[in-house]
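So the sequence shown is numbered by this note's numbering: it starts at 354 and just counts up by one. We treat Cβ as the ideally placed atom computed from N, Cα and C, and that holds for glycine. Data first, discussion second: the structure below is written as structure tokens.
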Amino acid sequence: MIGQTSAGTEPRTPRNPYVVQNLRVWDGWADHQAESEFYDLAGFRAGNNHLRPYELEEVGKVEGKKLLHLQCRFGTDSLSWARLGADVTGVDFAPSAIEVARRLAADTGLDARFLAGDVYDLRPMESGGFDIVYTSRGVLCWLPDLDTWAEIIAEQLKPGGVFYLTEIHPVARMYEDEDGVSGLSLKYDYFGADRPLAFEADLGASYATGDGSGANSPTDSITEPVKEPTTEPIYGWTHSMGAIVTALASAGLRLEFLHEFPYCDWQLSFLHQTAENQWRRRPEIPVDIPLFFSLKASKPATP
354 MIGQTSAGTE PRTPRNPYVV QNLRVWDGWA DHQAESEFYD LAGFRAGNNH
404 LRPYELEEVG KVEGKKLLHL QCRFGTDSLS WARLGADVTG VDFAPSAIEV
454 ARRLAADTGL DARFLAGDVY DLRPMESGGF DIVYTSRGVL CWLPDLDTWA
504 EIIAEQLKPG GVFYLTEIHP VARMYEDEDG VSGLSLKYDY FGADRPLAFE
554 ADLGASYATG DGSGANSPTD SITEPVKEPT TEPIYGWTHS MGAIVTALAS
604 AGLRLEFLHE FPYCDWQLSF LHQTAENQWR RRPEIPVDIP LFFSLKASKP
654 ATP
């Protein structure tokens, strides 16, 4: 079935109060983001594939494989994998986003299943058996518990299956620029804290609308705190590279590679766009830092 779902199997509403509040913000963003050039749903309907070349190379052939996309938002990447022949299930905690994803699947005639719910409640929904678990770009900062996240990924993979992640590098998340490059400074703790960082999010604008809020903060899409009725608090968690890799290893997955890049897929406020459509450091910044990374881990074929 196109855009199908199974009654009674969708995860529950998130239980973490910070995640519940984040859900309020993400649901509030859905309408304007769905119309944005950033997500380019019209282009996708016209046949565009939203996957990056390095993803296609690093994940490899997906035809005939079962693929689970965590935190899938509007499903453009999920359905891009479906266009390449994967049997796709997409999950996101925002029901409004999943509604868009299901409509997009119906509009394009692509066969995929989309489920609304918290990643941490996947266990009652899916029993595993996926060849690939995939998640990408701006996802980890919304997760309070990487250990449980990694355990769920391992459970969802069949023996010999692989997990693939692309994400902003934890080092890049440490920087803030108050007034452009001249104000660039280290502001956020690399190792994180027990409590999330709190920001104010503008419900009428976000990273997807080019409002200048940037993606260099731990939450990817914040504005300066203001007292307006269109703002809501939003919370993000900081995870070090060691915490990410250790969580996956502790869940029994084997690291295949960790690639770090001096460029990013989208704009951080202290970067500039190159002719190759990459975002790199401005000439005023004398050295490269890691801005982005990709990671692949596998579940052993035998215990």
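- In the assembly as shown, residue 602 is an exposed residue. Its beta-carbon has fewer than 16 other beta-carbons within 10 Å.
- The straight-line gap separating the alpha-carbon atoms of residue 457 and residue 468 is approximately 14 Å.
- Secondary-structure assignment with DSSP links residue 614 through a beta bridge to 645.
- With fewer than 16 other Cβ atoms from the protein chains shown falling within 10 Å of its own Cβ, residue 612 counts as exposed.
- Nearest neighbour of residue 422 by Cα position, chosen from 634, 440 and 388, turns out to be 440.
- Residue environment for residue 555: buried (at least 16 other C-beta atoms within 10 angstroms of its C-beta).
- In the three-state reduction of the DSSP assignment, residue 404 falls in the coil class, being assigned neither a helical nor a strand state.
- Contact check for residue 497 and residue 372: beta-carbon distance about 7 Å, within the 8 Å limit, so the pair qualifies.
- About 15 Å separates the Cβ atoms of residue 454 and residue 489, ruling out a contact at the 8 Å cut-off.
- The segment 535-545 and the segment 491-505 do not touch, with fewer than 3 CB-CB distances between them shorter than 8 Å.
- DSSP places residue 381 in the uninterrupted alpha helix (DSSP H) bounded by 370-387.
- A distance below 7 Å between beta-carbons, with the five flanking residues on each side excluded, links residue 367 to the following residues of its chain, in chain order: 373, 376, 446 and 471.
- Taking C-beta atoms as the reference points, residue 646 and residue 522 count as a pair closer than 7 Å.
- Residue environment analysis places residue 618 among the buried positions, since at least 16 neighbouring C-beta atoms fall within 10 angstroms of its C-beta.
- In the DSSP annotation of this structure, the continuous segment of the beta strand (DSSP E) that includes residue 633 starts and ends at 632-634.
- Within the same chain, 518 and 611 come within 6 Å of residue 648 by CB-CB distance, once the 5 residues on both sides are set aside.
- Spatial neighbours of residue 643 in its own chain (CB-CB distance under 6 Å, excluding positions within 5 residues in sequence) are listed in chain order as 522, 524 and 613.
- In this structure, the alpha-carbon of residue 549 lies about 11 Å from that of residue 541.
- In the displayed model, residue 500 falls within a helix according to three-state DSSP.
- In this structure, residue 544 keeps its C-beta atom at 7 Å or more from the C-beta atom of residue 587.
- Judged by DSSP secondary structure, residue 397 falls outside any beta strand (DSSP E) and instead within the alpha helix (DSSP H) spanning 394-398.
- Selection 511, 530 and 591 evaluated against residue 547 yields 591 as nearest (Cα-Cα).
- Distances from the CA of residue 411 to each of 481, 487 and 429 were compared; the closest alpha carbon is that of 487.
- Taking a 10 Å sphere around the C-beta of residue 635, we find fewer than 16 other C-beta atoms and assign the residue as exposed.
- Under the DSSP assignment, residue 452 falls outside any beta strand (DSSP E), being part of the alpha helix (DSSP H) whose first and last residues are 448-461.
- Per DSSP, the unbroken beta strand (DSSP E) holding residue 515 starts and ends at 510-521.
- If you draw a 10 Å sphere on the C-beta of residue 397, you find 16 or more other C-beta atoms in it, and that means buried.
- When 628, 627 and 633 are compared, the shortest CA-CA separation from residue 621 is found for 633.
- Look at residue 411 here: in three-state DSSP terms it is helix.
- Spatial neighbours of residue 433 in its own chain (CB-CB distance under 6 Å, excluding positions within 5 residues in sequence) are listed in chain order as 402, 403 and 404.
- Rounded to the nearest whole angstrom, the C-alpha separation of residue 539 and residue 384 is 34 Å.
- When secondary structure is reduced to three states using DSSP, residue 436 falls in the helix class.
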